[in-house]
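Q: Residues -2 to 343 in my numbering are what the sequence shown lists, from first letter to last.
A virtual CB, placed ideally from N, CA and C, is assigned to each residue, including glycine.
Below you will find the structure I want to go over with you.
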Amino acid sequence: MQSGQTDAHPLDGTASVNVGAVPMIEVLRGGQVESVHTGHAVICGPDGEIVAAWGDPSAVIYPRSSCKMLQALPLLESGAADALTPAHLALACASHSGGAIHTDLAGRWLADLGLSEGDLLCGCQEPSDRSARNGLIRSDAAPCQLHNNCSGKHVGFLMLNQRLGGGADYVDPAHPVQRAILQAFEDITQEASPWFGIDGCSAPNFATSVTGLARAMASFAAADSEGNARERAAVRLHRAMAAHPDLVAGQGRACTDLMRAMDGQAAIKFGAEAVYVAILPGQKLGIALKIVDGGVRAAEAAITALLIRAGVLDAAHPAALARLGGEMRNWRGISVGQIRTAAGFA
């Protein structure tokens, strides 16, 4: 697969994610450090400049689902999504829990396109939403592709595919849909992606550096709602995410809880293997981080720390304390430890 045209920041692939990582999150028990999570993090400003960094800013990573708003850009830029609501756009950027609020919207969107669940290529996934999962168990029904956490993204792919006139295998890296996504991805990260891997939903996931990912988020944050097509698309996407945190993830999930706590000041997105990004339009800043060991709790704690540092999240908010600084309690409710930032981070 050929890369796009952007080569302002070429990557040679030598910046291993394991090299140069620094301690970011510590887990304490009985007053002693029990575990340490290392990683990389970058904050970029509106011109793509690095404002702050920890670890190796050039470490090359798979952004996984943290880049779904980048994958949605061609859909909006094509004009195919002009009539979509913010709820549709939030779902296109979601890694949702498979609850009724998610599957019903995805199903209606498919029907509006004249398509069905069988046209999706994301695969069936058991919902993490408890009500949905229990409902399937009680009815002895199997989960379908609408329950897949990426189903909204894939409906967006199908909508773009109708505009581009591609074949049914829209997740093929050589397909017009994925070529359009790669071009947008490289343009906004300002890096030629050195390789790709296949994500859990079967779509290609293009690698970039932690800086490239943060630079892309800063581009979203600095976008003008009256600007060019890409800027207008970026604003629509991050505003939709901030307005519908329940659609982006689900009840009790970090993305949903933290965006609610910030009351629209930021859009954040988790990616598998402990990647997190944040779009801060008020500050025109973009954040990207990667925890090397793939630990979700550390990624949630690290993004919480950086959002607090940026002034958009109250450290005392219950959603923040649940992930950083609050008490860790055992099954009897006894306080046994704490998750905190490592010295020198955030």
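Measure the alpha-carbon distance for proline 242 versus valine 152 and round it to whole angstroms.
A: Each residue's Cα considered, the two are about 19 angstroms apart.
Q: Straight-line CA distance for glutamate 297 to tyrosine 273?
A: Between glutamate 297 and tyrosine 273, the C-alpha separation is close to 8 angstroms.
Q: Quick one: using the 10 Å Cβ neighbour count with 16 as the cut-off for buried, is aspartate 4 buried or exposed?
A: Reliability fails at aspartate 4, whose pLDDT of 46 lies under 50, so the model's placement of it is uncertain and no value is given.
Q: Hey, would you say serine 222 sits closer than 8 angstroms to alanine 204, going by beta carbons?
A: No; because the gap between Cβ atoms is not below 8 angstroms, this pair is not in contact.
Q: Excluding the 5 residues flanking leucine 347 on each side, which residues of the same chain have their C-beta closer than 6 angstroms to its C-beta?
A: Nothing about residue 347 can be reported from this structure: the residues present for the chain run from -2 to 343 only.
Q: DSSP three-state call for leucine 304: helix, strand or coil?
A: Here leucine 304 sits in helix by DSSP.
Q: Please identify the residue among Gln122, Asp184 and Gly162 whose C-alpha is closest to the C-alpha of leucine 67.
A: With distances taken between Cα atoms, leucine 67 lies closest to Asp184.
Q: Secondary structure at serine 206, three-state DSSP: helix, strand or coil?
A: DSSP places serine 206 in strand when its eight states are reduced to three.
Q: When the distance is taken between beta carbons, is serine 94 closer than 8 angstroms to arginine 344?
A: The shown model of the chain, from -2 to 343, leaves out residue 344, and the question about it has no answer.
Q: Going straight from the alpha carbon of alanine 316 to that of histidine 144, what length do you get?
A: If I take the Cα positions, the gap works out to 26 angstroms.
Q: Specify, as a first and last residue, the run of the alpha helix (DSSP H) that proline 71 falls within.
A: Its alpha helix (DSSP H) spans residues 65 to 74.
Q: In three-state DSSP terms, what is tryptophan 106?
A: Note: tryptophan 106 maps to helix in three-state DSSP.
Q: By how many angstroms is the C-alpha of alanine 275 removed from the C-alpha of glutamine 300?
A: Correcting the residue type first, residue 300 is isoleucine in the shown sequence and not glutamine. In a straight line, the C-alpha of isoleucine 300 is about 8 angstroms away from that of alanine 275.
Q: Put lysine 281 into one of helix, strand or coil per three-state DSSP.
A: The answer is coil: DSSP assigns lysine 281 none of H, G, I, E or B.
Q: Tell me whether arginine 320 is buried or exposed, calling it buried when 16 or more other Cβ atoms sit within 10 Å of its Cβ.
A: Buried, by the Cβ-count rule.
Q: Apart from the five residues on each side of it in sequence, which residues of its chain come closer than 7 angstroms, Cβ to Cβ, to cysteine 119?
A: Closer than 7 angstroms at the Cβ level, and outside the excluded window around cysteine 119, lie Gln142, Asn145, Cys147, Ser148, His151, Cys198 and Ser199.
Q: Run the CB neighbour count on alanine 313, radius 10 Å, all protein chains shown included, and call it buried at 16 or more, exposed below.
A: Result: exposed.
Q: Give the secondary structure of phenylalanine 217 by DSSP, where H, G and I count as helix, E and B as strand, and everything else as coil.
A: DSSP places phenylalanine 217 in helix when its eight states are reduced to three.
Q: Whose CA, out of Gly36, Ala269, Gly27 and Gly279, lies closest to the CA of arginine 236?
A: It is Gly279.
Q: In three-state terms, what does DSSP make of glutamine 335?
A: In the structure shown, glutamine 335 sits in a strand (DSSP, three-state: E or B).
Q: By the 10 Å Cβ neighbour count, where 16 or more other Cβ atoms means buried, how is arginine 127 classified, buried or exposed?
A: Its Cβ having fewer than 16 others within 10 Å, arginine 127 is exposed.
Q: I need the DSSP call for glycine 36, collapsed to helix, strand or coil.
A: Reduced to three states, the DSSP call for glycine 36 is strand.
Q: Among the residues of its own chain, which have a CB less than 7 angstroms from the CB of threonine 380, if the five just before and after it don't count?
A: With the chain running from -2 to 343 in the structure shown, residue 380 is simply not present.
Q: Tell me the residue span of the beta strand (DSSP E) that contains alanine 49.
A: Where alanine 49 is concerned, the enclosing beta strand (DSSP E) stretches over 47 to 51.
Q: Taking the C-alpha atoms as reference points, what is the distance between glycine 292 and alanine 271?
A: Those two C-alpha atoms are separated by around 6 angstroms.
Q: In terms of DSSP beta bridges, what is proline 201 paired with?
A: Paired residues: Ile195.
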